[in-house]
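To keep things clear, I will list the structure first and then write my remarks on it.
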Amino acid sequence: MLELVQQITNGVAIGSVYVLIALGLTTVFGILGIAHFAHGSVSMFGGYLVYVLVASQGVSLWLAIPVALIVGMGVGGLIEFLAYRPVRNANHINAFIIALGLTMMVEGINLQLFGADQVVIPTGFDRVFEIAGVTIPETRLYVILAATVLVIAMTAFVEGTKTGQAIRAVAQNRDAAILMGVNVRSIPLIVFAMSTMLGVAAGVMVGSLFAIAPGVGEAMVVKGFAVLILGGLGSIPGAIIGGLVLGVTEALAAGFLSSAYKDVIAFVVMIVVLLFRPQGLLGGAK
Amino acid sequence: MTLTRKNGLLYLAILAGLIVLPSFISTKYYIHLSVLALIWVIVAQGQNLIQGFTGYVSIAQAGFMGIGAYGTALLGLNFGLPVWLTILSAPLITALFALVAGYPSLRVKGHYFAIVTLAFNMVIFIVLLNLTDLTNGEAGLMGIPKPGAGKDGAINFADRTTYYYFVLIAATGVTALTALIVNSRLGRVLVAIRQNETLVGAAGLAAWKYKLFAFVVSAMFAGFAGALYAHYQSFINPEIFTIAQSMDAVLAVILGGSGTITGPIIGAFAIVFLPEYLRFADSFRLVIYGLILILATIFMPRGIVGLASDALGLLKKRRAR
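Those protein sequence lines, which keep their order, are chains P and L.
Quick note: the first sequence, position 204, residue 204 per our numbering, numbers continuous.
Quick note: the second sequence, position 149, residue 435 per our numbering, numbers continuous.
Shown next as structure tokens:
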């Protein structure tokens with residue numbers, strides 16, 4: 001029983017990372033209709049950036065993370081403006097192919113700037129807490145807490161502010177939003193900045209929990225999309241629940257079945273969901 | 287897209303060009319690249335069928351190549367079956383997997399379909415890597431036999447130029463088959479699905495059957511290409527059947543011109559030779575590659591073939607004046 005609780009706790013930690021990745025993907029998809037496949041690689045760029053700042057420049061972790069988050073916002077906006085905006089009115093397939101090209105580019109840039117070796121962000125968090133018999137390393141606890149704070153902040157932004165209202169308006173009806181005086185040119189920039197910031201946060205978490213290496217970003221984004229399929233596309237609660245479900249399922253599979261095949265679990269779950277509930281677990285009937 | 291006399295002439299010219307190509311190449315390495323390019327022509331024709339004609343971007347082609355390659359290699363190595371038999375059974379094995387993969391994934395559209403197929407490619411890769419009893423994991427399979435009876439046989443397939451012609455025949459066959467499919471009623475339904483799937487349903491056609499057909503045939507082509515690759519290189523490992531290679535197939539179709547017969551041929555040669563010419567850029571290769579993909583999508587969405595036919599049209603207009 002304790003073993004089970006332990007695995008679930010591990011699953012929630014990795015699930016938090018999936019939630020952040022999926023939240024970025026789901027807002028971009030739900031509001032702009034773009035399957036932003038480069039999201040994972042851009043997120044890992046943020047993780048690498050923190051690693052370089054902390055490990056080789058000697059910057060404090062608490063300064064490096066905000067810097068990376070802000071850079072991430074800039075990069076996100078830039079990607080929207082330079083790459084996706086030109087194909088806004090073209091076939092949706094074109095945006096996806098642009099996303100594939102971006103993935104190659106960002107992966108290439110990561111490789112060029114940070115090398116092919118795997119890196120771990122030196123956080124200095126090496127304490128291990130024990131709560132009612134369940135051990136939880138300090139880093140995992142912080143990851144879960146940080147993810148919770150970010151999810152709450154994002155929800156508050158989208159639900160509570162004027163800008164958030166404008167974003168939701170554009171998602172519901174672009175033309176009506178224009179008529180209501182919403183500046184629809186700036187909305188995609190804001191959405192991309194916000195989702196890339198969440199992605200960078202996830203990248204930092206991956207870098208501190210596990211390691212960043214070439215290909216990790218791609219694996220992450222595929223899992224993020226698996227979460228979207230689980231939770232229903234464009235759904236924020238769906239991304240949160242889907243991410244946690246995937247994280248816990250993977251941890252249980254790794255703990256009790258086989259760790260080599262734990263990555264297959266995500267896809268098997270995804271395929272089963274598609275077969276029986278193509279609209280996602282939380283998606284409404286079409 | 288009809289098979290006009292002009293198009294027929296163009297195809298013949300390309301075929302003739304490919305037949306005489308080896309006599310113009312003195313470097314063995316370029317013959318090697320040309321063999322790879324022809325193998326990629328087969329993959330790209332399949333990719334074009336599902337992506338260009340049906341409008342569903344599948345990112346699993348390299349995974350299916352892997353199934354074909356491992357299928358033929360394992361049948362040959364473990365059961366000692368003749369090479370021609372294992373090469374021909376590779377597409378059938380792949381078709382089986384594609385049926386199982388295609389049925390659930392074709393329930394979703396657009397980006398979602400792309401992502402699900404991509405996930406399939408990842409599953410195939412992980413299984414190839416971890417099923418070490420069968421696939422020998424990362425180390426891969428070695429000593430995959432060549433077709434024919436070796437150096438003493440009537441045809442020496444170990445010779446690169448000979449293998450080039452062998453693959454050329456295969457690629458021509460696959461291209462002809464694709465042309466046959468897209469010019470039939472079936473092909474018109476596929477194009478109709480790309481343009482308006484709801485309307486196809488309204489016309490009383492079960493769109494899913496046609497989509498599944500296109501998906502399975504495209505996978506069979508990839509499996510066939512994988513088998514040809516395995517017997518050409520005599521060595522395979524999971525590394526060459528990843529998503530990156532599947533994206534190459536997508537790129538070949540986009541660069542060449544999607545929804546055309548000549549497009550994938552040009553695109554396949556482009557994706558094999560372009561990285562060679564970008565070698566000077568070394569690690570920037572990936573960046574430049576991605577940039578080309580983005581710029582091509584923005585500025586020439588109809589590919590090289592589209593660009594060429596636009597240029598020809600412009601020239602004709604000038605002359606008419």
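Beta carbons are placed, not taken as given, at the ideal position from N, Cα and C, and that holds for glycine.
Taking residue i as part of the beta strand (DSSP E), name the residues at either end of that continuous run.
{"i": "P/Glu130", "result": "Val128 to Ile131"}
{"i": "L/Thr340", "result": "Taken as a continuous stretch (DSSP letters only), L/Thr340 belongs to no beta strand (DSSP E), as it is neither H nor E."}
{"i": "L/Thr583", "result": "No beta strand (DSSP E) holds L/Thr583; the alpha helix (DSSP H) holding it covers Arg571 to Phe585."}
Short check: CB of residue i to CB of residue j, under 8 Å?
{"i": "L/Asp534", "j": "L/Ile552", "result": "no"}
{"i": "L/Gly403", "j": "L/Ala508", "result": "This sequence places Thr at residue 403 of chain L; Gly is not what is there. Contact flag unset, no."}
{"i": "L/Ile430", "j": "L/Leu322", "result": "no"}
{"i": "P/Ser195", "j": "P/Val28", "result": "yes"}
{"i": "P/Ile229", "j": "L/Tyr398", "result": "yes"}
{"i": "L/Gly349", "j": "L/Ala376", "result": "no"}
{"i": "P/Met105", "j": "P/Gly217", "result": "no"}
{"i": "L/Ser521", "j": "L/Leu427", "result": "For clarity, residue 521 of chain L is Phe in the given sequence; the question names Ser instead. Against a cut-off of 8 Å, the Cβ pair of L/Leu427 and L/Phe521 comes out as a contact."}
{"i": "P/Leu274", "j": "L/Ser391", "result": "yes"}
{"i": "L/Ile311", "j": "L/Ser320", "result": "yes"}
{"i": "P/Ile167", "j": "P/Ile31", "result": "yes"}
{"i": "L/Leu454", "j": "L/Leu296", "result": "no"}
{"i": "P/Gly40", "j": "P/Ile21", "result": "yes"}
{"i": "L/Leu537", "j": "L/Leu581", "result": "no"}
{"i": "P/Gly15", "j": "P/Val269", "result": "no"}
{"i": "P/Ile121", "j": "P/Phe129", "result": "no"}
{"i": "P/Ile98", "j": "L/Thr583", "result": "yes"}
{"i": "P/Leu150", "j": "P/Gly77", "result": "no"}
{"i": "L/Gly543", "j": "L/Phe339", "result": "no"}
{"i": "L/Gln333", "j": "L/Ser470", "result": "no"}
{"i": "L/His517", "j": "L/Pro433", "result": "yes"}
Against residue i, what residues of chain L qualify as contacts under a CB-to-CB distance less than 8 Å, listed in chain order?
{"i": "P/Val222", "result": "Ile401, Leu404, Ala405 and Met408"}
{"i": "P/Met270", "result": "Val402 and Ala405"}
{"i": "P/Glu218", "result": "Ile529"}
{"i": "P/Phe267", "result": "Ala405, Phe406, Met408 and Val409"}
{"i": "P/His92", "result": "Gly396 and His397"}
Determine which residues share a DSSP beta bridge with residue i and list them.
{"i": "P/Thr135", "result": "P/Glu130"}
{"i": "L/Val369", "result": "Looking at the DSSP assignment, L/Val369 forms no beta bridge with any residue, so it has no partner."}
{"i": "L/Ile300", "result": "According to DSSP, L/Ile300 bridges with nothing at all."}
{"i": "P/Ile167", "result": "In the DSSP output, where bridge partners are listed per residue, P/Ile167 has none listed."}
{"i": "L/Ile379", "result": "DSSP lists no partner for L/Ile379."}
{"i": "P/Ile212", "result": "P/Val119"}
What does residue i reach in chain P if we use C-beta pairs closer than 8 Å?
{"i": "L/Val573", "result": "Met104, Met105, Gly108, Ile109 and Gln112"}
{"i": "L/Ser391", "result": "Ile271 and Leu274"}
{"i": "L/Phe383", "result": "Those do not exist, as L/Phe383 stays about 13 Å from chain P at its closest Cβ, beyond 8 Å."}
{"i": "L/Val536", "result": "Ile97 and Leu100"}
{"i": "L/Leu579", "result": "Ile97, Ile98, Leu100, Gly101 and Met104"}
Tell me which residue opens and which closes the alpha helix (DSSP H) that residue i is part of.
{"i": "P/Phe96", "result": "His92 to Phe114"}
{"i": "P/Met197", "result": "Ser186 to Leu209"}
{"i": "P/Phe29", "result": "Leu2 to Leu32"}
{"i": "P/Arg174", "result": "Arg174 to Leu179"}
{"i": "P/Pro86", "result": "From DSSP, P/Pro86 is part of no alpha helix (DSSP H); its letter is neither H nor E."}
{"i": "L/Ile325", "result": "Lys314 to Gln333"}
{"i": "P/Thr161", "result": "No alpha helix (DSSP H) holds P/Thr161; DSSP gives it neither H nor E."}
{"i": "P/Gln57", "result": "Note, P/Gln57: premise wrong, no alpha helix (DSSP H); not H, not E."}
{"i": "P/Glu287", "result": "Any question about residue 287 of chain P goes unanswered here, given that chain P covers just 1 to 286."}
{"i": "L/Ala597", "result": "Gly589 to Ala606"}
{"i": "L/Ala478", "result": "Arg471 to Gln481"}
{"i": "P/His36", "result": "Segment: none, P/His36 is in no alpha helix (DSSP H) and carries neither H nor E."}
Under 7 Å between beta-carbons, which chain P residues line up against residue i? List them in chain order, please.
{"i": "L/Tyr398", "result": "Ile229"}
{"i": "L/Pro550", "result": "Ordered by position in chain P, no residue passes the 7 Å Cβ test against L/Pro550, which lies about 15 Å from the chain."}
{"i": "L/Ile540", "result": "Ile97"}
{"i": "L/Asn416", "result": "Ala260 and Tyr261"}
{"i": "L/Ile584", "result": "Pro86 and Val87"}
Could you tell me which chain L residues have their CB closer than 7 Å to the CB of residue i, listed as they occur along the chain?
{"i": "P/Pro278", "result": "Arg393 and Val394"}
{"i": "P/Asp117", "result": "Result: empty, since nearest Cβ-Cβ is about 14 Å, beyond 7 Å."}
{"i": "P/Pro188", "result": "Within chain L, no residue comes near P/Pro188; the closest Cβ sits about 16 Å away, beyond 7 Å."}
{"i": "P/Phe256", "result": "Chain L residues near P/Phe256: none, gap ~17 Å exceeds 7 Å."}
{"i": "P/Val264", "result": "Val409 and Ile412"}
What residues from chain P crowd round residue i, counting only those whose CB sits closer than 9 Å?
{"i": "L/Asn293", "result": "Those within 9 Å of L/Asn293 in chain P number zero; the least Cβ separation is about 25 Å."}
{"i": "L/Thr484", "result": "Simply none; closest approach about 13 Å."}
* At what residue ranges does the region 492–553 of chain L contain a whole run of the alpha helix (DSSP H), taking only runs of 4 or more? -> 493–519 and 529–542
* Please list the segments of the alpha helix (DSSP H) lying wholly inside the region 415–455 of chain L, counting only runs of 4 or more residues, in order along the chain. => 418–421
* At what residue ranges does the region 232–283 of chain P contain a whole run of the beta strand (DSSP E), taking only runs of 3 or more? -> Annotation note: the region 232–283 of chain P contains no uninterrupted beta strand (DSSP E) run of length 3 or greater.
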